[in-house]
Structures are given as C-alpha cells and as structure tokens.
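Visitor: Be aware that the sequence shown starts at 11, since it is given in our numbering, and climbs by one per residue. Just so it is clear, CB atoms sit at the ideal spot from N, CA and C, and this is done for glycine as well.
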Amino acid sequence: MLSTEQSPMRVAQDVKENLCDIQGGLLKEYDTLACRYVFFRIDEAGKGRAWLKALSDKVTSQAQADEGPLEDGSLNVALSVWGLQALGLPQAVIDSFPKAFRDGMRVRSAKLGDVGPSAPEHWEGKLGSDEIHVFVCLSHDSVAACDEQHKRLTALTRAFGGVTEVHVVEAEVVFEQRSGCPAAHFGFVDPISQPAIAGFDDEARPGDGALQSGGGWRSIKPGEFLLGYENELGERTDTPGPPGLGDNGSFLVFRKAYQDVAGFRAYLKQGAMTLWGSDEEAQQEKLAAKIVGRWRSGCPLALSPDQDDPALAADPQRVNDFDYSDDAEGAKCPLGAHLRRTNPRGTKLTTTTDINRKRILRRGLEYGQPLPEGAADDGVDRGQAGVFVIADIELQFEFIQAEWLGKGDFIGLPTDEKDPLVGANGDGGQFTVPGADMPFLFDLKQFVTVRGGEYFFAPGLAALKGIAEGRFQTGETK
Ligand code: HEM
11 MLSTEQSPMR VAQDVKENLC DIQGGLLKEY DTLACRYVFF RIDEAGKGRA WLKALSDKVT
71 SQAQADEGPL EDGSLNVALS VWGLQALGLP QAVIDSFPKA FRDGMRVRSA KLGDVGPSAP
131 EHWEGKLGSD EIHVFVCLSH DSVAACDEQH KRLTALTRAF GGVTEVHVVE AEVVFEQRSG
191 CPAAHFGFVD PISQPAIAGF DDEARPGDGA LQSGGGWRSI KPGEFLLGYE NELGERTDTP
251 GPPGLGDNGS FLVFRKAYQD VAGFRAYLKQ GAMTLWGSDE EAQQEKLAAK IVGRWRSGCP
311 LALSPDQDDP ALAADPQRVN DFDYSDDAEG AKCPLGAHLR RTNPRGTKLT TTTDINRKRI
371 LRRGLEYGQP LPEGAADDGV DRGQAGVFVI ADIELQFEFI QAEWLGKGDF IGLPTDEKDP
431 LVGANGDGGQ FTVPGADMPF LFDLKQFVTV RGGEYFFAPG LAALKGIAEG RFQTGETK
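(1) With a CB to CB cut of under 6 Å and the five nearest residues on each side skipped, what residues in its chain are close to Q33?
(2) Out of L97, E81, A64, F49, which has the shortest C-alpha to C-alpha gap to A55?
(3) Return yes when the Cβ of Q204 is within less than 8 Å of the Cβ of R372, no when it is not.
(4) Between K475, E427, F452, E81, which has its C-alpha nearest H348's C-alpha?
(5) Candidates K475, A434, A478: which alpha carbon is nearest G123's?
(6) Within 7 Å: the Cβ of H348 and any heavy atom of ligand 1?
(7) How about the region 179-192 and the region 69-81: do they share at least three Cβ pairs that are nearer than 8 Å?
(8) Restricting to Cα atoms, I'd like to know which of F441, V117, F398 is closest to E131.
(9) For M115, does the count of other Cβ atoms within 10 angstroms reach 16, so buried, or fall short, so exposed?
(10) Would you say G393 touches ligand 1, meaning its beta carbon is less than 7 Å from a heavy atom?
(11) Checking the sheet assignment: what are the DSSP bridge partners for W227?
(12) Three or more C-beta pairs closer than 8 Å, one from the region 46-60 and one from the region 154-162: is that the case here?
(13) Which residues mark the beginning and the end of the beta strand (DSSP E) in which K266 is found?
(14) Alpha carbon to alpha carbon, how far is L243 from K109?
(15) What do you get for S490, buried or exposed, if any count of 16 or more other CB atoms within 10 angstroms of its CB means buried?
(16) Quick one: any contact between the region 191-210 and the region 222-235, if contact means 3 or more CB pairs under 8 Å?
(17) Using CA atoms only, rank isn't needed, just tell me which of P344, D151, V173, S152 is closest to F145.
(18) What's the call for A298, buried or exposed, on a 16-neighbour Cβ count within 10 Å?
(19) So, with DSSP's three-state summary, where would you put F111?
(20) Relative to the C-alpha of L65, which residue among F482, V390, L311, F170 is closest?
(21) What does a CB cutoff of less than 6 Å around Q293 pick up in its chain, not counting 5 residues either side in sequence?
(22) Is R304 near ligand 1, judged by its Cβ being under 7 Å from some heavy atom?
(23) Is the number of C-beta pairs between the region 454-463 and the region 438-445 that are closer than 8 Å three or more?
(24) Considering only residues of the region 386-465, which uninterrupted beta strand (DSSP E) runs meet the minimum length of 3 residues and lie entirely inside it, listed in chain order?
(25) Could you tell me how far apart the beta carbons of A88 and L262 are, in whole angstroms, since I believe they sit closer than 8 Å?
(26) Where does R481 fall in DSSP's three states?
(27) Check the C-beta distance from Y84 over to G135 and give it rounded, since I have them as a contact under 8 Å.
(28) How far does the beta strand (DSSP E) with V87 in it reach, from first residue to last?
(29) To the nearest angstrom, report how far apart G416 and T363 are at their CA atoms.
(30) Please give me, in chain order, every unbroken run of the alpha helix (DSSP H) with length at least 4 that falls completely inside the region 301-341.
(31) Does the beta-carbon of A206, which I'm using as the reference point, lie nearer than 7 Å to any heavy atom of ligand 1?
(32) Is it true that the region 318-325 meets the region 364-384, where meeting means three or more beta-carbon pairs spaced less than 8 Å apart?
(33) Since R373 is in the beta strand (DSSP E), which residue starts that stretch and which ends it?
(34) Cβ atoms of G418 and V397: under 8 Å apart, would you say?
(35) Please report how far the alpha carbon of D212 lies from the alpha carbon of D333, in whole angstroms.
(36) Using the rule of at least 16 other Cβ atoms within 10 Å of the residue's Cβ for burial, across every protein chain shown, is D447 buried or exposed?
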C-alpha cells in the first residue's frame, strides 16, 4: 500500500525557497539560442539508475539558472512512464501517476486530434513508442556549443552502458525578420504571452497573469505548474507516488510539429482574395494576423486591429495588456484566432470553464532552417519542437488541444471550426472572420502536422536523485 501521507501544501511564498530543487527552464525559459532534445531507452535498470545518478549531479536548477549564463550550458531531465518502469519503480508507484501520463501521448492521439497525417503511425523515429524513456534537454548559446554538450552526454552514457540514445531533435531560435525577435517559422514573434507565476514573477507585465474581476491582473497560483503547491482552487496539486517523489516536479509535454511555411504563405493569397477580393500584401498580412491574433511584430489585433504597430509590440507594458472585453463579436480579433482560443481572457465562453486552470508555460524552440521570404517550397522539415510545462496533462494541455484548438462551440463558433493555425484543417476547414467582405473561409488548409511527442515527468532535483538511488523502489509507505 502506498502512503497517502504527503508533504504539506506549498504556497507562492515557498517557490523562491525551493528554486534549488526545481529544475531550470520550467518556470522561466533559458536565455539561450539552441537546444538539443535527446531521448534515451534504458536497457538495464541497475545501469540505468547509475547513469541517472551521474546525470542528476549535472542537472541545472532554477536557482543556478538565475545566477546568470552557465558556462557549460544547462541540462535537464524528465522521465516517461516507460522510463519509470524501466528504472524499476514498482507498479503501485506507477499507478499513482495520472492516467494521461500512464497512457502516453500515442494512446491519447484521437482525443488530441492527431489524425490523418498527424496520426501516430506517421510519427518519426521512436517518438510515441515505449522506447522513449528519458528526455534530456541540453541548452546553450549556439548549435556548436550544444554539439559539445551532446558529445559529453554521449561519453557519459557510453561509460555506464545499459542505456541507448534513440532519438534526437535539434532546435534553435529563429528570428522574425523585421523586429529581430525570436519567432515561429511562420514568421510571427513568439513567445510573447506566458502566464506569470505567483511567488516567482509577481512583477510580470500586464496581461501575463489572470484577469481580476475588478480589473487588472494577478499572477497564477504556482500549483498550476508545480506539483505539491497551491493551485487556483486553493488546493494542493496532487503529487504522485510516495512522499517526496512529486515535490517540486512538473509534467512536460514534448510535441514536434511541422510547419508548412510555403503552404501557409501560398494560402494567404488565396484566403485574402476570398475575404477582401484582393491579394495585395496588406490583405495577406491582415489575414495572417487574423489567423494568429497578433501581427507578425507581436502587436495584438485586440489593441491595433487595422494595422501593425511595432512600437506597441515593443512596449512591455502594452503588448499583452488586453482582455477582448470590447470585442465580443470578434471584429478586431476573430473568436477563432489562435491567440484568443489558447487564452480567451475576458471573452464570454459558451461553456463554463475556469480559464485560470487552463494555462500552460510554453518552452521549446524551432527546429529546421527557416524558409527565406519569397522562396519556393524547399521540402525541408521545419517546425516547432514544443515543450509545454503543466501540473495536469489532462486538464491543461489535453483540454486546450481537444476543446479549444480542436473545436469551435466553446466560444460560439460552429463545433467543427478548429484553430486556423494549428488545427487539423483541410477538406472544408472553416475560419470565421467578422468584418471581412466575405466573412468566412471554407477551404482552410492544414498548416501544422504533428511528427510525434510524449508525456514526461520532470521531478524536483531531490526526487530525481531519489529515483536514481532506488529510494522509491519499494512502493511501500516511505
Ligand atoms: C506549430 C505549432 C504552433 C505555432 C506555430 C504557434 C504559434 C503561436 C504564436 C505565433 C503565438 C503568439 C505569440 C504569443 O502571444 O506568445 C502563440 C501563442 C500561444 N500559443 Fe501557440 N503555436 C503553436 C502551437 C500551440 C499549441 C499546440 C498550444 C497549446 C496546446 C499553443 C498555445 C499557445 C498559447 C497558450 C499562446 C499564448 C496565448 C495568450 O496568452 O494570449 N500553441 N502561438
């Protein structure tokens, strides 16, 4: 029997004291230019634990990350359900993890809308298979520096044996051409909006946290991202396993998503012609902004609906400070725009949803080289190597993916209207653009295809060491 005795609920004031146990890169993204995501299979539990023990000594904590640039880059570790099994954790401990995590992403694919070309049978390498056990994230200033980190990791892995590298994804920062800011391959500054976490970044910009009923913003309770902390219900977010295993941990979603940049650019012409009877560049850019909810500079449509305003985009006090409350019909920012779906802020929803419990921290970088402007499709694989940090895979990531990105009725659109940027469109994909001369597109293409992914548990540093040392091996009370 597993003990139900758990550590007491931690609250916002406890976050700072625990930064030396919380893995770096979760609460705050690293200020680095390149990442290397390396996936391992554990072939022998004992050797795997010894390797993990050596690795755990090298894991970067948030406290270390806060001290400034890390000469050797950063290293972080997360484990899939298959990894926990391969490391020898008993079934009782495995069973204490949430079902979504135990299922893994492949089993949840239909719910996530990963169908057609995004279906698991098309996923690359071993992604989504039970051979993906350990996710190591290396992060540094350049691809060359990541190469060196990767070599050191390979040498360490060889020295221990019993562990095999099964997949690698190389990712780096891509820049939006005009602003020079980090961007998505589609050409939009990204990320801009991230939830502010109480106790960690209380000095956040307006718009980063939760909208307060009397106006203004407050940070989101840490239990929405960290296990064992107070969440938006005022309750302790459940931790799996025996006492200590879940403390200061988070769940991670890794998701590799191809972006059809040439297809997106070509569609802007076609769609602009349908909506406004013109495929002039200004109309194409307007459609691009309507799809995302921001102009390419990051300027939100909610604040500047008719033209891009790079000065507004560059102003931290304004770039995220909007709530859609003066735009119920979506005349400024369509109800179905990617931004409005993924964080509806003050939008009146048709289904009751506690939107402050649907926030996610977006990490990860882009993979593949950018397609130069004006260039023909070069067939290169490029897209987002997305890493999402949450405390509840089902409530947060899966809900957003299935309900907000995969449907329309929650916000007053037709049920089958999906996210115009990342939804599984094509074959009658629809997008409602209020205010356009012809306010509907009925031929939206699929611009994003999932190439694979997995759910992971990123333990606190002490718990990671505990797993490596076999401390949670018994499945008994302590
Ligand atoms: C290839 C896939 C994707 C691309 C290219 C993409 C692109 C973007 C862009 C350009 C923005 C606006 C910048 C910002 O406000 O930070 C954005 C915002 C956002 N995206 Fe995505 N995205 C992708 C997938 C996803 C997925 C799968 C999710 C969730 C499951 C998601 C959740 C969000 C959220 C929460 C925001 C911020 C909304 C806000 O706070 O106002 N995105 N994305």
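Guide: With the structure as the only source:
(1) N86, A468
(2) L97
(3) Going by C-beta atoms, R372 is nearer than 8 Å to Q204.
(4) E427
(5) With respect to the C-alpha of G123, the residue from K475, A434, A478 having the closest C-alpha is A434.
(6) yes
(7) Touching, no.
(8) V117
(9) So M115 counts as buried.
(10) yes
(11) L221
(12) yes
(13) 260-269
(14) 21 Å
(15) In the structure as shown, the chain begins at 11 and stops at 488. Residue 490 is therefore absent and cannot be evaluated.
(16) yes
(17) V173
(18) Burial call: buried.
(19) In the structure shown, the three-state DSSP call for F111 is helix.
(20) F170
(21) A282, W286
(22) yes
(23) yes
(24) 393-400, 439-442, 450-454
(25) 5 Å
(26) Look at R481 here: in three-state DSSP terms it is coil, with no helix or strand label.
(27) According to the sequence displayed, residue 84 carries Ser and not Tyr. Not confirmed; about 24 Å, so no contact.
(28) Following the DSSP letters along the chain, one finds V87 inside the beta strand (DSSP E) bounded by residues 84-89.
(29) 16 Å
(30) 320-323
(31) No, since every heavy atom of ligand 1 falls outside the 7 Å radius drawn around the Cβ of A206.
(32) No, the region 318-325 is not in contact with the region 364-384.
(33) 371-377
(34) No.
(35) 19 Å
(36) exposed
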